[in-house]
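In full-length UniProt numbering, the protein residues as written are 1 to 466.
All C-beta atoms in this analysis are idealised placements derived from N, C-alpha and C, irrespective of residue type, glycine included.
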Amino acid sequence: MSISNYIDSLGLSSDPFKAKSNSLWSGLEEFAHRIQHTVEFSAHFVVIYGGRGTGKSELALYLYRRLADSNSPLLYSARADGTFLGVLSSFHDHLALPALPSQNTDGLSLQVEESLKLSSSETVVVLVDDANFLSCESIYFLASLACRGNIGLILFSEANLNDLCPASLFSSAEVFELPEPALEDIIEALHCRLRGVGYSGQGILGDAEAEQLWRASDGSIQKFLENAEKWLQAKYVESPERSLPLKVNSHGLPVIHIIAISALLATLGVTCLYSGENAGVQEGGDLSVQPKEPSHESSVSVEILASSSQAPASSSLAVTSPAHSDVGSGEASSFASSSLGIHTQDVVPEVELEAQAAAVRPKASVWTEDELEVMSWPPDEYTIQVLGVASYESADRFILAQSNASLLKLVRSKRQGKQWFIVLAGRYQSLAEARNRLGSLPQSQAKAGAWPRTVSEVQELISAYP
1 MSISNYIDSL
11 GLSSDPFKAK
21 SNSLWSGLEE
31 FAHRIQHTVE
41 FSAHFVVIYG
51 GRGTGKSELA
61 LYLYRRLADS
71 NSPLLYSARA
81 DGTFLGVLSS
91 FHDHLALPAL
101 PSQNTDGLSL
111 QVEESLKLSS
121 SETVVVLVDD
131 ANFLSCESIY
141 FLASLACRGN
151 IGLILFSEAN
161 LNDLCPASLF
171 SSAEVFELPE
181 PALEDIIEAL
191 HCRLRGVGYS
201 GQGILGDAEA
211 EQLWRASDGS
221 IQKFLENAEK
231 WLQAKYVESP
241 ERSLPLKVNS
251 HGLPVIHIIA
261 ISALLATLGV
271 TCLYSGENAG
281 VQEGGDLSVQ
291 PKEPSHESSV
301 SVEILASSSQ
311 APASSSLAVT
321 SPAHSDVGSG
331 EASSFASSSL
341 GIHTQDVVPE
351 VELEAQAAAV
361 RPKASVWTED
371 ELEVMSWPPD
381 EYTIQVLGVA
391 SYESADRFIL
401 AQSNASLLKL
411 VRSKRQGKQW
421 FIVLAGRYQS
431 LAEARNRLGS
441 LPQSQAKAGA
451 WPRTVSEVQE
461 LISAYP
């Protein structure tokens, strides 16, 4: 079976495994936002470590696309050319600098540095994928530009860069490790691929299948996707029975359609035969429908008492009382004249009653105590996000293990339609104050990748939940 068959079966526009995905699984997307905020507002030099196939290249492309909205980033793969001359040539082309008489490293490096100094309107963010292929001279040049604030630098590396250059070179760098994905994140990584090429159905990979494929992938998301592609090919292999055309009768309709129509007509006939509670059979054997007696049903509805000095308004309620019921008319009248303001009236359609009930039903408060407190903060202030996870239990355990647990706030949000739990630390009047606080956070929180964000942004997330 050709690969196009599973693409056609799922209604995909193209092969989901050939192109880079435009979206990430929620945990990695949250990590990407933290990295972007760090390189733009906190540290100009960021190093991200991750094993082979863990999503570094996909993360680099995702960040490049996000940064392109506000500035002119440079995405460079050191695997293609990690030499100093290769890096300088890439800068030269990106900045559209005039050609030099001779392409040497001294002339190019001076030209690039001068151009970056003059370009004060925006900071060029440089993303280097496969940074472990860079020469030490290249790393030193890039790090020196970042330390002087000429560029923002994000290095994605599989190996420890301290093995290539002196550790002192990375003293000013913020170092992160890619988050380890959970099983639901792995499934989401596949579905992100599928959604990117037009798939809108339910999940096609269950937990059992995903766990089996993940165990065979040795912790590599890329290998997992390759295994998932093979799994899809095997799943949608066309059997000989499915390949046979439908049998068609002489009138051009498939036999299975004629059987279905016949069954439907038979069902309708039986329904008509036994429907109608007043239908009768005359002695001659002919069927005749007796005229139905007019219904004497009445409806009893509870009106809303809106007096501010009395009990709060109650929901609309309808009670149907048939004429042949055990409740007499006197009892009904007594019930109708009760202090609740009940009266008889014509039957109100059920849909209308539902709409009335929904209109007066008070909206239940779903915010937790922490969320209510965060919602009371001035929106122009700042807070620090110290954690974002997909599991409430994980967030709760994290808080309980912290020395400043009483100061942490846990709020709920949604990411890509799934629950996302955010842990916040503190409330600050300015971004500078929040940044200063980062250095005094407990080590476990700083290691988790704490970053400042506006209170208004967090309040929007809370308001949008559930």
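For residue i, which option in the options has the closest C-alpha, if you only look at C-alpha atoms?
{"i": "L153", "options": "D396, F91 and D106", "result": "F91"}
{"i": "E369", "options": "Y382, S406, A401 and L387", "result": "S406"}
{"i": "L164", "options": "E137, L145, K56 and I186", "result": "E137"}
{"i": "P166", "options": "I139, E174 and E184", "result": "I139"}
{"i": "Q36", "options": "P466, V112, I462 and P452", "result": "P452"}
{"i": "A450", "options": "Q459, L145, R435 and R415", "result": "R435"}
{"i": "G219", "options": "D185, D106 and P73", "result": "D185"}
{"i": "S463", "options": "F421, S413 and F170", "result": "S413"}
{"i": "E58", "options": "A78, S144 and W25", "result": "W25"}
{"i": "F170", "options": "F421, L74 and L145", "result": "L145"}
{"i": "D380", "options": "D396, E457, A401 and E174", "result": "E457"}
{"i": "A43", "options": "G439, E460 and E30", "result": "G439"}
{"i": "Q445", "options": "F141, S403 and P466", "result": "S403"}
{"i": "C192", "options": "L85, L142, D15 and C147", "result": "D15"}
{"i": "R195", "options": "S13, E114 and F84", "result": "S13"}
For residue i, count neighbouring Cβ atoms within 10 angstroms of its own Cβ and tell me buried if that reaches 16, exposed if not.
{"i": "K190", "result": "Just to set this straight, residue 190 is Leu in the shown sequence, not Lys. Buried: at least 16 other Cβ atoms inside 10 Å."}
{"i": "K409", "result": "buried"}
{"i": "Q385", "result": "buried"}
{"i": "Y62", "result": "buried"}
{"i": "Q443", "result": "exposed"}
{"i": "S109", "result": "buried"}
{"i": "N150", "result": "buried"}
{"i": "D129", "result": "buried"}
{"i": "G82", "result": "buried"}
{"i": "K56", "result": "buried"}
{"i": "Y6", "result": "buried"}
{"i": "V366", "result": "exposed"}
{"i": "L372", "result": "exposed"}
{"i": "G201", "result": "exposed"}
{"i": "P101", "result": "exposed"}
{"i": "L400", "result": "exposed"}
Who are the near neighbours of residue i in its chain, counting only those whose CB is closer than 6 Å to its CB and skipping five residues on each side?
{"i": "H324", "result": "Confidence at H324 is low in this model, with a pLDDT of 40, below 50, so the placement of that residue should be treated as unreliable; the coordinate-derived value is given next. Excluding sequence neighbours, H324 sits near nothing in its chain."}
{"i": "A159", "result": "N132"}
{"i": "A425", "result": "I384, V386 and L408"}
{"i": "L441", "result": "A450"}
{"i": "H94", "result": "L74"}
Can you tell me whether DSSP reads residue i as helix, strand or coil?
{"i": "T454", "result": "strand"}
{"i": "T38", "result": "helix"}
{"i": "G201", "result": "coil"}
{"i": "S89", "result": "helix"}
{"i": "V175", "result": "strand"}
{"i": "Y382", "result": "strand"}
{"i": "V374", "result": "helix"}
{"i": "Q233", "result": "helix"}
{"i": "R79", "result": "coil"}
{"i": "L408", "result": "strand"}
{"i": "A425", "result": "strand"}
{"i": "V420", "result": "Here residue 420 turns out to be Trp, not Val, going by the sequence shown. Strand."}
{"i": "Y62", "result": "helix"}
{"i": "L97", "result": "coil"}
{"i": "F170", "result": "helix"}
{"i": "H343", "result": "Annotation note: pLDDT 43 at H343 (below 50); position unreliable, no value reported."}
{"i": "F17", "result": "coil"}
{"i": "G219", "result": "coil"}
{"i": "G50", "result": "coil"}
{"i": "F141", "result": "helix"}
{"i": "N162", "result": "helix"}
Since residue i and residue j should fall inside the 8 Å C-beta cutoff, what is the C-beta to C-beta distance between them, to a whole number of angstroms?
{"i": "V47", "j": "S157", "result": "7 Å"}
{"i": "N71", "j": "V126", "result": "At roughly 11 Å, the Cβ-Cβ gap does not stay under 8 Å, so N71 and V126 are not in contact."}
{"i": "K223", "j": "G53", "result": "5 Å"}
{"i": "R437", "j": "W377", "result": "Not confirmed; about 15 Å, so no contact."}
{"i": "Y199", "j": "G417", "result": "Not a contact, Cβ separation roughly 14 Å."}
{"i": "Q419", "j": "A390", "result": "7 Å"}
{"i": "T454", "j": "Y382", "result": "6 Å"}
{"i": "A78", "j": "L134", "result": "5 Å"}
{"i": "F17", "j": "E174", "result": "Their Cβ separation, rounded to whole angstroms, is 33 Å, which puts F17 and E174 out of contact at 8 Å."}
{"i": "E30", "j": "R415", "result": "7 Å"}
{"i": "P179", "j": "L67", "result": "Not a contact, Cβ separation roughly 20 Å."}
{"i": "A395", "j": "V374", "result": "So it is not a contact: roughly 15 Å between Cβ atoms."}
Ordered along the chain, which non-local residues of its own chain (more than five positions away) have a Cβ less than 8 Å from that of residue i?
{"i": "I187", "result": "G203, L205, D207 and A210"}
{"i": "E177", "result": "I48, Y49 and G50"}
{"i": "A432", "result": "none"}
Residues in the same chain with beta-carbon distance under 7 Å from residue i, minus the five sequence neighbours each way, listed in chain order, please.
{"i": "L183", "result": "D207, A210, E211 and W214"}
{"i": "V39", "result": "V46, V125, G152 and I154"}
{"i": "G284", "result": "Only weak support is given to the placement of G284: the predicted model assigns it a pLDDT of 43, under 50, and the value that follows is read from those uncertain coordinates. Cβ neighbours of G284 beyond the five flanking positions: none."}
Following a CB-centred definition, is residue i positioned closer than 7 Å to any heavy atom of the ligand HEM?
{"i": "E226", "result": "Judged by which ligands are present, the structure shown has none, so any question about the ligand HEM falls away."}
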